[in-house]
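Mapping of the sequence shown onto the numbering used here: position 72 corresponds to residue 77, and the numbering continues sequentially without gaps. Glycine included, each C-beta is placed from N, C-alpha and C at the ideal position. Computed from a predicted structure; not experimentally measured. First up is the structure itself, then whatever we jot down about it.
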Amino acid sequence: MTQFQTIKFKGFEAQVVARVTDGCDTGIVYLEMAGSESAVKAIWAALSSAEAKRSGTNGVGINANSVWVQKHTKYITLKSVLPNGQTVIGMLNPQATVTQRGGQFYLVALRNHEGPPPAFFSRLAISLAVPVKVEWASWLWKKGLEHGEYEYQKLIQTLTSDGHVVGYKVKASDTDAWLKLVQESIGFKVCERCNEVVKELIEHKTIIGRGMSYQREKVEMICQECSDG
Ligand SMILES: [Zn+2]
Numbered sequence: 006m007t008q009f010q011t012i013k014f015k016g017f018e019a020q021v022v023a024r025v026t027d028g029c030d031t032g033i034v035y036l037e038m039a040g041s042e043s044a045v046k047a048i049w050a051a052l053s054s055a056e057a058k059r060s061g062t063n064g065v066g067i068n069a070n071s072v073w074v075q076k077h078t079k080y081i082t083l084k085s086v087l088p089n090g091q092t093v094i095g096m097l098n099p100q101a102t103v104t105q106r107g108g109q110f111y112l113v114a115l116r117n118h119e120g121p122p123p124a125f126f127s128r129l130a131i132s133l134a135v136p137v138k139v140e141w142a143s144w145l146w147k148k149g150l151e152h153g154e155y156e157y158q159k160l161i162q163t164l165t166s167d168g169h170v171v172g173y174k175v176k177a178s179d180t181d182a183w184l185k186l187v188q189e190s191i192g193f194k195v196c197e198r199c200n201e202v203v204k205e206l207i208e209h210k211t212i213i214g215r216g217m218s219y220q221r222e223k224v225e226m227i228c229q230e231c232s233d234g
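Rendered as structure tokens:
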């Protein structure tokens, strides 16, 4: 049986059904709580208040710990009522639904999911400045989780998660590392000039600099098309 944690604000209490957090600075990625309508609404209001938006926290706690929200962020609110009459409110960080090119993004998936969560590939493709193919999704997911020695260095970081969900932070901004993964993936290579993914690259040498003593050889690995052009 899952032991639910209690979330509190002043005299109000609710159960934490699910939670994903990304450190104190960025706070809640996802929080789902259940309880009486008045308690759940009061806690939600405290976490959505101007004070919480400005400072990151506003008197809401789980055990002795403050609950942190991401500053200056309007969370997406999901509300439902359970058959037993309890109110459930979910608060989702907008970075879990919106993908910006060249940025990081969050994924929140059911805990028992297998392989990449459904939205992984399409959001990675939007965010990444490297061309990727849908056939590589499982491989990129697996490698992204493994890449890097410590959890915070990983391209896909597993976030602290409780309850029925698990959260991930996908660092699509680290283009070089993703590029390497793509290159490794199935023996495909990426042209250093045009970023096209190709089977073979050609070593291209250019003499740069003027005068004998300044001359250097610049070596690039480029595609056939760039080599011809
Ligand atoms: Zn090229």
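In the structure shown, residue 167 adopts extended strand secondary structure according to DSSP, grouped into three states. The stretch 40-123 is shown to contain whole beta strand (DSSP E) runs of 3 or more residues at 65-67, 81-86, 92-97 and 109-115, in chain order. Counting only runs of 4 or more residues that sit fully inside the stretch 150-229, the alpha helix (DSSP H) segments are 180-190, in chain order.
One alpha carbon belongs to residue 105, the other to residue 132, and they sit about 6 Å apart.
For ligand 1, no non-hydrogen atom lies closer than 6 Å to the CB of residue 207. If you draw a straight line from the Cα of residue 194 to the Cα of residue 231, it is about 14 Å long. Shown here, residue 134 sits in coil according to DSSP, grouped into three states, outside any helix or strand. Between the C-alpha atoms of residue 174 and residue 127 there is a straight-line separation of about 15 Å. Around the CB of residue 211, fewer than 16 other CB atoms lie within 10 Å, so the residue is classed as exposed.
If you check the CB distance, residue 136 and residue 203 do not come in under 7 Å. Taken through DSSP and simplified to helix, strand or coil, residue 9 comes out as coil. Placement of the Cβ of residue 231 at a distance of less than 6 Å from at least one heavy atom of ligand 1 is found. Under DSSP, residue 129 forms no beta bridge with any residue.
Rounded to the nearest whole angstrom, the C-alpha separation of residue 214 and residue 228 is 24 Å.
In its chain, beyond the 5 residues on either side, 112, 142 and 146 have a beta carbon closer than 7 Å to the beta carbon of residue 125.
Residue burial is scored here from C-beta neighbours: residue 155 has fewer than 16 other C-beta atoms within 10 angstroms and is therefore classed as exposed.
Per the C-alpha coordinates, the member of 110, 47 and 81 positioned closest to residue 179 is 110.
The closest heavy atom of ligand 1 lies less than 6 Å from the beta carbon of residue 198.
One Cα belongs to residue 41, the other to residue 78, and the distance between them is close to 26 Å. Set against 6 Å, the gap from the CB of residue 228 to the closest heavy atom of ligand 1 is smaller.
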